[in-house]
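Everything on this sheet refers to the single structure shown next.
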Amino acid sequence: MAKEKKTKVSITQVKSTISQTSRQKKTITALGLGKINKSVEKLMTPQIRGMINKVNHLIEVKEVK
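Just so you know, the sequence shown maps onto residues 3 to 67 in the numbering used here.
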């Protein structure tokens, strides 16, 4: 298995979770978000990547250097 470099990403919530499914609301909470314009920095792991894919219409992701 090739080791890939873990990159840091900044995740910002840009849309509300009102009228979203409870599963998406729980994913937003698990990412450490919950309010519009709140940002968190996370290491890009397969688990985080999966969470981002599930709620990509509610968040904005930028790579941190």
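Quick reminder that beta carbons are idealized off the backbone N, C-alpha and C, glycines included.
Under three-state DSSP, which class holds residue 27?
-> For the purposes of this step, residue 27 is identified with residue 25 of the sequence shown, where counting begins at 1. Correct three-state label for residue 27: helix.
The alpha helix (DSSP H) enclosing residue 50, as first and last residue numbers = Start at 1 with the first residue of the sequence shown, and residue 50 comes out as number 48. First-last of the alpha helix (DSSP H) with residue 50: 48 to 56.
By Cβ distance, which residues of its chain are closer than 8 Å to residue 38, with the 5 residues on each side in sequence left out?
-> Here residue 38 refers to the residue found at position 36 of the sequence shown. Excluding residues up to 5 positions away in sequence, 15, 16, 17, 18 lie with their Cβ nearer than 8 Å to the Cβ of residue 38 in the same chain.
Beta-ladder partner(s) of residue 61, from DSSP | Position 59 of the sequence shown, counting from 1, holds the residue named residue 61. According to DSSP, residue 61 bridges with 15.
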